[in-house]
Amino acid sequence: MRGKESLWRNRNFVLLWTGQTFSEVGTRMTSVAFPLLVLALTGSPAKAGISGFAGTLPYVLFYLPAGALVDRWDRRRVMLFCEIGQFAALGSLAVAFALHAVTFPHVLATGFVSGSCFVFFSVSQRALLPALVPSERLTEALARQEAKSRSAALTGSPLGGLLFGLGHALPFVADAASYLVSLATVVGIRTERRPAPEPDASGRSWAGGLYDEIRTGLRWLWNEPFVRMSVALTSAVNLMFQALILTLIVLSRDLGAGSAGTGLILGCFGVGGLAGALAAPRVQDLMSSRAVAIGTAWVWAATAPLLALATSPYEVAAIIACMAAVSPIWNVVVVGYQYRVVPDHLLGRVKSVALLVGWGSMPIGQLLGGSLLSVTDPREAVLLLSLLTLAIALTTTFNRSMRMRGSKLGRPGLQPQ
């Protein structure tokens, strides 16, 4: 009977969902405010790219050890400490604003600390989710999480631009407050599934044992061809989008959009993404995982070049919404499959590998966007990035690993019950 109950009657899931809604709205606000702040401080798009690099560098440095450590530790407790760290990082920047002492190095440090906490929180949250939700409701929970993320983008990005226009400190103060709300909700979560015990590791050093555990996660992912290739493609997509977002901020400014207008434009990622998240369960019923991947890739390849032809902020916003609409459909199908096949005691490690590969390209994308804007104009940068979307689409269509697993992953019984 428990599996048939609405997710909104699941106390632990509602607490997690509510806290992360506030937190993600805050994060979306500062994702707009950070580059705007650096541009205001330095006037340099390249330095704006460096600030984004600092915030995403922890993805490369910490995801692998985070996965192994999360499988050892109490996952909920890790989430608590991470939210405290996020509050401290953003709060320090708010204090610096009050003292009129904001510096570029402080912005970099804030981004790095916040990104580091995010790494451990994201791995812990993903590993904890199956303990909070019945297995037959897991895909529905993933779709709800996607809808929440897209709604946060829809509201947080324009709100961040608006608040930054009213006062540069405001989005950072609001983000710090959002972590307090998230902290309170995580405190209320009571369920924790302990990982299954590992084989006896006596005789190994702490670091040696950690290395072996990381290698186990790497080996598991490598032996799953569809998962391996889909994670690699996700990495390329994230690189492209990170470079594209910074490019769009500069392009929007050139088209006459102010801080609030830029936030509204980026908020259209949320408009399209929310529509896609709501459609994801139905699409999963109708299409194979391979078809989802191919369709998603070709939508990106077809729409990205249109940004170079945009003559108004409204056209940019409409194209962004189209590009964003297919992303959550891909996420729900692929991530849902990963949850089905990964053993719980390996979940932190395998998810950390997937997150490292999938998100580790994001700092490179930030630097790529800043570098392209240093040597060319935003429209030419968009066209160059469009070549990457074409390469992704061709690889998704013709790569043997995607064809191999496509028929086996058609509709793997993940429909909501």
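Residues 1203 to 1619, numbered by my numbering, are exactly what the sequence shown covers, in order.
Even for Gly, the Cβ is constructed at its ideal location relative to N, Cα and C.
Note that the structure is a prediction, hence the values are computed from the model and not measured.
Item	Value
Any heavy atom of the ligand PLP closer than 7 Å to the Cβ of V1280?	Ligands are entirely absent from the displayed structure, and the ligand PLP is therefore not among its contents.
Apply the 10 Å Cβ neighbour rule to N1212 and answer buried if 16 or more other Cβ atoms are within range, or exposed otherwise.	buried
Could you give the uninterrupted runs of the alpha helix (DSSP H) lying entirely in the region 1425-1460, keeping only those of 4 residues or more?	1427-1456
Would you mind sorting A1300 into buried or exposed? The rule is 16 or more other CB atoms within 10 Å of its CB.	exposed
What do you reckon, are the CB atoms on I1521 and P1237 nearer than 8 Å?	no
Kindly list the residues whose CB is nearer than 8 Å to the CB of W1424, restricted to its own chain and excluding five residues on each side of it in sequence; keep chain order.	R1430
Any idea what DSSP makes of A1371, helix, strand or coil?	coil
For my contact list, G1257 and F1314 are in at a C-beta cut-off of 8 Å; report their separation, rounded to the angstrom.	7 Å
Does N1533 come out as helix, strand or coil in the three-state DSSP assignment?	helix
Which full runs of the alpha helix (DSSP H) of 4+ residues lie inside the region 1226-1300, going along the chain?	1247-1274 and 1277-1300
Is it true that the region 1325-1333 meets the region 1271-1282, where meeting means three or more beta-carbon pairs spaced less than 8 Å apart?	yes
How is the alpha helix (DSSP H) around V1321 delimited, first residue to last?	F1306 to L1334
Apart from the five residues on each side of it in sequence, which residues of its chain come closer than 7 Å, Cβ to Cβ, to L1266?	I1416, S1554, V1555 and L1558
In terms of residues, what are the limits of the alpha helix (DSSP H) holding P1565?	M1564 to V1577
In three-state DSSP terms, what is M1489?	coil
Near G1567, which residues of its chain fall below 6 Å by C-beta distance, leaving aside the five closest residues on each side in sequence?	L1441, Q1444 and A1445
Look at the alpha carbon of T1436 and the alpha carbon of P1307, and state the distance between them as a whole number of angstroms.	31 Å
Ordered along the chain, which non-local residues of its own chain (more than five positions away) have a Cβ less than 7 Å from that of T1418?	L1548 and R1551
If you check the beta carbons only, do S1603 and V1535 fall under 8 Å apart?	no
Please report the straight-line C-alpha distance between L1259 and S1253, rounded to a whole angstrom.	10 Å
Can you give me the C-alpha to C-alpha distance between A1510 and W1422, rounded to a whole angstrom?	41 Å
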